[in-house]
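Taking it in order: structure first as structure tokens, then the write-up.
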DNA sequence: CCCTGGCTGTTACAGTGTAACGATCTCTGT
DNA sequence: ACAGAGATCGTTACACTGTAACAGCCAGGG
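Residue numbers (this note's numbering), protein chains in the order written: chain A, 1 to 176; chain B, 1 to 176.
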């Protein structure tokens with residue numbers, strides 16, 4: 001593996017449920033271009049456009065949704081092409097796959113694909129917040145070591161209600 | 001399937017990568033019957049047979065695989081029926097769904113459906129080990145509380161190599 | 001007896017993902 | 001510039017996953 005020096009000074013914190021969108025998009029694309037440069041990869045137009053679509057959305061997008069957004073009248077993009085682009089992007093830590101939703105979100109942090117992220121998925125508004133917790137990582141590592149299990153990839157997805165939706169919820173409904 | 005004799009006594013809470021099979025099956029069915037008695041639920045023949053098939057396998061099974069195993073020449077069981085049975089079984093904590101595989105495994109512990117389990121999925125042999133770690137749960141809870149996120153269900157799935165397969169592997173390949 | 005509610009069977013369909021093949025493009029070495 | 005190797009992309013076809021809708025069946029209660 002190689003360097004991911006681009007990662008900001010996060011400790012485990014997070015900047016909010018979902019990033020601003022357009023700003024984050026440019027950021028991600030820039031990261032992708034640097035990464036392609038460094039590793040001699042091809043950051044093609046399709047891959048860039050796929051990344052842009054995912055980054056703009058701020059909500060998990062299915063491969064077919066992405067294909068639809070990439071298609072124009074007369075220029076159809078097939079889902080299979082999107083899958084290949086997504087394979088590339090996930091492999092290099094630019095997007096994440098949300099297994100419980102069969103959908104994809106932009107990577108909010110600079111960590112690599114093998115790193116452990118925690119996804120908080122809101123049932124109400126559908127937003128996904130990606131956080132990193134060294135504490136969780138360490139307890140996970142400890143459990144894995146105890147079981148003699150050698151991890152390759154980790155999936156931690158929590159479904160529930162985000163903070164904002166709880167507020168909206170309480171105002172209009174009686175407490176449980 | 002063969003026995004995992006290589007898996008000696010562990011100090012933490014799991015009995016081995018996968019349970020013996022037939023023994024665990026009877027155990028699970030008994031638990032289901034007690035549970036149905038207590039809560040006034042119908043543990044029907046289809047549900048019982050579905051649970052048995054999943055429990056026997058010791059490996060995650062897709063809904064269509066289960067349907068195939070339940071079918072006999074002249075008596076086909078449709079996948080949709082299996083899905084309904086699986087809904088019942090997961091809802092009452094008798095089986096778990098492995099999101100990253102779209103497949104189902106028997107619940108190895110007596111915990112409820114809302115509890116947090118960690119699944120160790122071996123890429124090589126396909127076995128799934130279910131473990132519980134209060135340490136992981138607590139660090140997860142802490143992170144969730146910090147984010148103001150109210151969890152409803154948790155998915156923790158680690159893909160990699162189980163202990164037994166690492167042993168088999170090292171013998172034939174050079175170390176990293 | 002009828003009615004209600006839950007379970008199952010059946011069909012149909014929407015959504016997710018991959019295999020295979022050929023065309024196109026890029027990057028090399030000559 | 002040219003040819004060859006390898007990656008990318010378009011296209012078709014197909015397998016797998018999951019749900020909606022409706023009809024038949026079976027048990028329990030008025």
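For each residue, glycine too, the CB sits at the ideal point set by N, CA and C. All values derive from a computational prediction rather than experimental measurement.
Consider the Cβ of residue i: report whether some Cβ of chain A lies at a distance smaller than 8 Å.
i, result
"residue 158 of chain B", "yes"
"residue 154 of chain B", "yes"
"residue 100 of chain B", "yes"
"residue 63 of chain B", "no"
"residue 38 of chain B", "no"
"residue 147 of chain B", "yes"
"residue 73 of chain B", "no"
"residue 118 of chain B", "yes"
"residue 136 of chain B", "yes"
"residue 123 of chain B", "yes"
"residue 143 of chain B", "yes"
"residue 22 of chain B", "no"
"residue 150 of chain B", "yes"
For residue i, which three-state DSSP category applies?
i, result
"residue 122 of chain A", "strand"
"residue 131 of chain B", "strand"
"residue 81 of chain A", "helix"
"residue 145 of chain A", "helix"
"residue 114 of chain B", "For residue 114 of chain B, the predicted structure reports a pLDDT of 48, less than 50, and the residue's modelled location is therefore unreliable. A value from the coordinates is still provided. The answer is coil: DSSP assigns residue 114 of chain B none of H, G, I, E or B."
With respect to the alpha helix (DSSP H) encompassing residue i, which residues constitute its N-terminal and C-terminal limits?
i, result
"residue 22 of chain B", "22-39"
"residue 47 of chain B", "45-57"
"residue 69 of chain A", "63-70"
I'd like to know if residue i contacts chain B, where contact means its C-beta is closer than 8 Å to some C-beta of that chain.
i, result
"residue 140 of chain A", "yes"
"residue 87 of chain A", "no"
"residue 186 of chain A", "No answer is possible for residue 186 of chain A: the residues shown for chain A start at 1 and end at 176."
"residue 133 of chain A", "yes"
"residue 162 of chain A", "yes"
"residue 166 of chain A", "yes"
"residue 114 of chain A", "Note on residue 114 of chain A: pLDDT 48, under 50, position unreliable in the model; the coordinate value appears next. Answer no: the Cβ-Cβ gap between residue 114 of chain A and chain B never drops below 8 Å."
"residue 60 of chain A", "no"
"residue 106 of chain A", "no"
Going by DSSP, what residue range makes up the beta strand (DSSP E) through residue i?
i, result
"residue 159 of chain A", "150-161"
"residue 181 of chain B", "Residue 181 of chain B is absent from the model: chain B starts at 1 and stops at 176."
"residue 96 of chain B", "95-98"
Assuming residue i contacts residue j (C-beta within less than 8 Å), just tell me the rounded distance between them.
i, j, result
"residue 120 of chain A", "residue 149 of chain B", "5 Å"
"residue 117 of chain B", "residue 96 of chain B", "7 Å"
"residue 126 of chain A", "residue 59 of chain A", "5 Å"
"residue 109 of chain B", "residue 91 of chain B", "Contact doesn't hold; Cβ gap of about 16 Å is too wide."
"residue 160 of chain A", "residue 152 of chain B", "4 Å"
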